[in-house]
Structure formats: structure tokens, C-alpha cells
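Colleague: Input: one structure, supplied below.
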Amino acid sequence: MQLINQLLETSKVEYKEAVVNGIIEEMAEFQDGSAFIWQSQQIYDTIKDVNPTDSEKINQLYEKVWNDFEIRSDPKMYQTQLMK
């Protein structure tokens, strides 16, 4: 879980650098941010069956995070999603 959290924290930094007022200003950082989320999700998928209750909550979090990327949410909103 520590590696997953670290990847998600790094994605927040990349996203904050990439998105300004709903516009991608830095494509490389935006792509890096999404890659960190993708990698964390791949790792999580290998352990998600350990706790079904937490698994459902975490899967919902990933859905929200991917939605934030899709609609280019304000970086503060994206960071708030990851803190929950």
C-alpha cells in the first residue's frame, strides 16, 4: 500500500503542474500523472481481494480520480479526492 500511496501522491504533483483552469498546460506532466495512477491501480489490482469492503471504496476512488482527469478538474479538487 505504501508504494500505491507514493504513486498517487506523485500523480497529484504532476497533475497540479499540468492543469490550469481546466486546460492542460503541460502535456508531459499530465501524461505522467495519469501513468502514476495507472501504475498504482495495476498494483492495487493484485491485492484488492484481501478486503472486499475497502476494495469497493478504493475502486470508487479510482473512478472519481479518472473522472477528474477526464474533465480536467481543478487540481485542488483532484487532490481532495485522493485524500479521502
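Going by numbering that gives the first Met the number 0, the sequence shown opens with residue 0, and the numbers climb by one from there. Note that beta-carbon positions come from the ideal geometry of N, C-alpha and C, so glycine has one too.
(1) Along the alpha helix (DSSP H) that carries Met-0, what are the first and last residues, could you check?
(2) Would DSSP call Ile-46 helix, strand or coil?
(3) Report the rounded CA-to-CA distance for Glu-25 versus Trp-37, giving the unit in angstroms.
(4) Leaving out five residues on either side along the sequence, give the residues of the same chain with a beta carbon under 6 Å from the beta carbon of Glu-16.
(5) Can the beta-carbon of Tyr-43 be found closer than 7 Å to that of Ile-3?
(6) Please check the pair Gly-21 and Arg-71, which I expect to be a contact at CB under 8 Å, by giving their CB distance rounded to whole angstroms.
(7) When we look at the beta-carbon of Asp-53 and count the other beta-carbons within 10 Å, is it buried (16 or more) or exposed?
Modeller: In brief:
(1) Here Met-0 belongs to no alpha helix (DSSP H), and DSSP marks it neither H nor E.
(2) coil
(3) 19 Å
(4) Glu-25 and Glu-28
(5) yes
(6) 5 Å
(7) exposed
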